[in-house]
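Chains P and L, in that order, are what the protein sequence lines are.
Under the numbering used here, the first residue of the first sequence is numbered 1, with each subsequent residue one higher.
Under the numbering used here, the first residue of the second sequence is numbered 394, with each subsequent residue one higher.
Beta carbons: idealized from backbone N, C-alpha and C, even for Gly.
Keep in mind that this is a model prediction, so the values were computed, not measured.
A short write-up of the structure that comes next.
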Amino acid sequence: MKPGRYGVFGGQYIPETLMSELIRLESAYNMYKRDRAFNLELNALLKNYANRPSLLYYAEKITKDLGGARVYLKREDLNHTGSHKINNVLGQALLAKKMGKKRIIAETGAGQHGVAAATAATLLDLKCDVFMGEEDIKRQSLNVYRMELLGARVIPVNSGTGTLKDAVNETMRDWSLSVEDTHYLLGSVMGPHPFPMIVRDFQSIIGREARSQILKSEGKLPHAVIACVGGGSNAMGAFYRFINDKSVKLIGCEAAGKGIDTTENAATIATGRIGVFHGMKSYFCQDEDGQIKPVYSISAGLDYPGIGPEHSYLYATGRAQYYPITDEEAVCAFEYMARQEGIICAIESAHAMAFAMKYVPSVPRDQSVIICISGRGDKDVSSIASYRGRILI
Amino acid sequence: MSNIQTAFNNNKAFIGFVTGGDPSLESSFEIILKMIEKGVDIIEIGIPFSDPVAEGPIIQKADLRALNAGITLTKIFELTQKVRQVSNVPIVYLTYYNPVFCYGSQQFIEKCKEIHVDGIIIPDLPAEERDEILPYCKNAGVDLLCLVAPTSFDRIPKIVKDATGYIYLVSSMGVTGVRIYIKTNLKKLIDEVRLHTNTPIAVGFGINTPEQAKALSQDADGIIIGSAIVSLIEQFGEYSPAHIGEYVASIKSALNS
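Dropping the structure here:
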């Protein structure tokens with residue numbers, strides 16, 4: 001396969017203005033990923049600053065309650081900044097610094113990536129501007145304030161639907177002007193090559209740790225690895241080291257919003273078609289003319305009309321399966337996790353838990369499954385309360 | 394080769410852009426006719442897209458107006474055919490790749506040929522990816538226009554290798570829109586491009602006033618104006634043809650002076 005291609009997916013569908021920079025980024029990345037000093041520095045940050053390795057926690061109560069396979073939770077919610085996003089931002093911000101950049105820009109949906117990017121920028125003395133849809137700013141005000149506390153500027157995006165895809169558009173527009181001193185710290189395994197590769201590599205620490213942790217505690221590979229998928233960075237990170245373990249099922253959970261038979265969902269694989277957008281060939285929610293469709297999910301982090309190209313490839317080749325999970329299922333799983341294990345997970349991660357609740361009872365008890373808990377749920381508490389009809393002040 | 398070349402035979406070419414179907418199919422038709430009447434040499438019709446990442450606010454809003462007016466690809470084809478019935482002026486489509494890919498790249502280019510569209514510009518299809526569509530373009534005699542940016546330097550030979558029609562030379566970094574100053578050293582960029590191709594070079598992005606048009610056309614073979622025209626549509630809506638006519642005439646006379 002050509003670099004940057006995953007079967008027919010991936011590629012570099014991006015204006016000429018940015019092509020030179022993508023080529024420069026790819027060669028810088030290829031150099032630094034083999035550079036000993038760079039890796040020592042990054043690993044030290046991951047260990048001492050981000051709190052890695054993250055726990056692989058055996059969820060005994062959930063296991064008993066579901067009555068099937070032994071359930072393990074990969075606790076990315078325990079990372080500094082509260083999600084898996086820190087893995088990627090530390091890597092990319094360090095790379096940006098080495099490339100001589102003075103400023104990073106980032107898109108954010110739920111605000112998790114924005115918070116992580118702002119954090120890494122502060123730590124590494126880079127300026128940081130985060131683009132965020134106006135809709136998302138409303139439903140994630142806690143994270144907006146966190147970013148501002150961290151010294152970042154949050155730039156509201158009111159074009160289009162005012163959500164994640166529009167934030168990506170606006171970040172790309174900024175980058176096409178500011179590329180000389182600015183790095184676009186893309187938050188997911190999407191966009192033009194080399195981003196899907198870079199983000200996957202930085203996130204693959206999730207699966208690398210999980211694989212050795214499960215081998216240690218169970219003595220064998222898990223039956224399945226389950227993760228939520230918007231753009232798909234935590235899922236790609238969790239899956240990547242298991243791809244060659246053919247016996248391990250890889251399961252991605254997409255946001256079905258109010259249902260895949262309604263127009264209000266963000267289930268790209270279930271309802272989308274192959275297209276070209278945001279620099280990549282992949283699956284997208286689009287109309288018959290190729291216009292990108294507005295999508296919806298209770299989860300701002302999954303509210304994106306596309307999916308990373310490597311996920312499209314894993315889907316097309318049958319290596320991974322993708323299932324839609326509705327808002328209602330995700331909210332129930334969010335509550336279930338809180339009451340069973342005392343863990344308030346992100347509503348994004350609750351999509352993975354919701355699938356596990358349906359799936360685990362059918363998996364034999366001598367097997368295990370790993371669910372990636374991509375982030376913690378503090379940011380979601382008020383919107384879940386309002387979903388249940390309670391308004392928090 | 395299409396009839397785009399003929400537009401560069403005499404004077405500096407004036408290439409005018411509008412988003413197709415903005416503010417409505419009927420007005421868009423009138424606007425295009427007025428542009429042709431007042432001396433635009435090549436018409437670029439933008440196919441409205443939900444997420445035009447290379448566009449500034451002016452053209453973003455135009456795309457939105459067109460989409461809200463119910464403009465589809467089929468209607469853009471109809472508009473093109475209507476223009477074709479009254480004029481032979483070269484027509485170029487500017488479109489993001491997804492609508493083309495979704496229609497079927499080969500089918501799209503064949504459709505262009507059928508309705509006498511001379512060329513196509515796809516801002517999100519750089520040299521690295523253009524083999525997806527270039528063979529169909531060559532077959533059909535539809536020019537696939539290349540874009541050269543201020544950051545392209547090392548890449549210029551690769552970009553202009555198969556160039557036909559005209560080279561779209563992006564004057565400035567960033568997105569489309571009117572600019573007060575254009576900082577790029579255009580002469581250096583143009584000279585570099587000319588080392589590698591004989592295809593005419595048109596400069597676009599940011600051109601607004603007749604003075605700018607005149608100045609930027611010095612080293613190039615033509616200039617492209619989009620946002621300045623589209624902002625008149627934003628301002629005057631269905632009454633814009635007269636204003637656009639006046640504006641186009643002012644640019645044309647500056648280019649000929």
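Answer yes or no: do residue i and residue j have a C-beta to C-beta separation smaller than 8 Å?
i      : j      : result
P/E288 : P/I269 : no
P/G237 : P/I274 : no
P/T122 : P/G187 : no
L/A455 : L/V568 : no
L/D511 : L/V535 : yes
P/K127 : P/K102 : yes
L/L466 : L/P492 : yes
P/P15  : P/H193 : no
L/V482 : L/I526 : no
P/A311 : P/V369 : Looking at the sequence provided, one finds His at residue 311 of chain P rather than Ala. Contact flag unset, no.
L/K607 : L/S650 : yes
P/S247 : P/L215 : no
P/I104 : P/T182 : yes
L/I484 : L/I552 : no
L/P441 : L/I408 : no
P/Q321 : P/H223 : no
L/E522 : P/Q12  : yes
P/K191 : P/M337 : First, the amino acid is wrong: residue 191 of chain P is Gly here, not Lys. In this structure, P/M337 does not lie closer than 8 Å to P/G191 by Cβ.
L/I637 : L/P416 : no
L/D612 : L/L579 : yes
L/S624 : L/I451 : yes
L/D524 : L/Y490 : no
P/A167 : P/G219 : no
L/K431 : L/K645 : yes
L/P405 : L/S643 : Reading off the sequence shown, one finds Lys at residue 405 of chain L, where the question assumed Pro. No.
L/V563 : L/L540 : yes
L/A595 : L/Y559 : yes
If contacts are defined as beta-carbon pairs under 8 Å, then residue i and residue j qualify, I think. What distance do you get, rounded to the angstrom?
i      : j      : result
P/R241 : P/G207 : 4 Å
L/P593 : L/G615 : 6 Å
L/T488 : L/I515 : 6 Å
P/G308 : P/V189 : 4 Å
P/H84  : P/Y49  : Actually they are not in contact, since the Cβ atoms of P/H84 and P/Y49 sit about 15 Å apart, beyond 8 Å.
P/R153 : P/D125 : Not a contact, Cβ separation roughly 16 Å.
P/C171 : P/A106 : It should be pointed out that residue 171 of chain P corresponds to Thr in this sequence rather than to Cys. Indeed, because the Cβ distance is near 7 Å, the residues count as touching under 8 Å.
P/V71  : P/I371 : 7 Å
P/A267 : P/G252 : That belief does not hold up - the Cβ atoms of P/A267 and P/G252 are roughly 11 Å apart, past 8 Å.
Can you look up residue i in the DSSP assignment and give me helix, strand or coil?
i      : result
P/Q286 : strand
P/V130 : strand
L/F501 : helix
P/Q367 : coil
L/E448 : coil
P/P3   : coil
P/M147 : helix
P/S83  : strand
P/L55  : coil
L/V541 : strand
L/M394 : Only weak support exists for where L/M394 lies, its pLDDT of 49 falling under 50; the value from the coordinates is given anyway. Note: L/M394 maps to coil in three-state DSSP.
L/V485 : strand
P/D245 : coil
P/F277 : strand
P/K33  : coil
L/A556 : coil
L/V641 : helix
L/F407 : strand
P/Y13  : strand
P/A106 : strand
Determine, for residue i, whether the minimum Cβ-Cβ distance to residues of chain B falls below 8 Å.
i      : result
P/N169 : The chain labelled as chain B is not found among the protein chains of the depicted structure, namely P and L.
Hey, is the stretch 294-309 of chain P in contact with the stretch 337-348 of chain P, meaning 3+ C-beta pairs nearer than 8 Å? yes
Using a Cβ-Cβ cutoff of 7 Å, what residues of the stretch 508-539 of chain L are near chain P? List them in chain order. Here the close residues are P516, D517, L518, P519, E521 and E522.
Are there three or more Cβ pairs, one per stretch, closer than 8 Å when the stretch 403-412 of chain L is compared with the stretch 135-151 of chain P? no
Okay, do the stretch 39-53 of chain P and the stretch 81-92 of chain P touch, 3+ Cβ pairs below 8 Å being the bar? At 8 Å Cβ cutoff, the stretches touch.
Are the stretch 370-384 of chain P and the stretch 64-80 of chain P touching by the rule of at least three beta carbon pairs closer than 8 Å? Taking 8 Å as the limit for Cβ pairs, the verdict is that the stretch 64-80 of chain P does touch the stretch 370-384 of chain P.
Do three or more CB pairs link the stretch 6-24 of chain P to the stretch 154-161 of chain P at distances below 8 Å? no
Count the CB pairs spanning the stretch 324-341 of chain P and the stretch 352-367 of chain P that are closer than 8 Å, and state whether there are at least three. The way I'd put it, the stretch 324-341 of chain P does touch the stretch 352-367 of chain P; three or more beta-carbon pairs between them come closer than 8 Å.
Closer than 8 Å is the cut-off here; do at least three beta carbon pairs connect the stretch 16-31 of chain P with the stretch 53-67 of chain P? no
Quick check: the stretch 497-507 of chain L against the stretch 571-582 of chain L, are there 3 or more CB pairs under 8 Å? Fewer than three beta-carbon pairs drawn from the stretch 497-507 of chain L and the stretch 571-582 of chain L are found closer than 8 Å, and the two stretches are therefore not classed as touching.
Below 8 Å between beta carbons is the criterion; list the residues of the stretch 81-108 of chain P that meet it against any residue of chain L, in chain order. none
Which residues, taken in chain order from the stretch 484-495 of chain L, show a beta carbon closer than 7 Å to some beta carbon of chain P? Y490, N491, P492, F494 and C495
Members of the stretch 147-172 of chain P that neighbour chain L once the beta carbon cut-off is set at 7 Å: S159, G160, K165, N169 and M172
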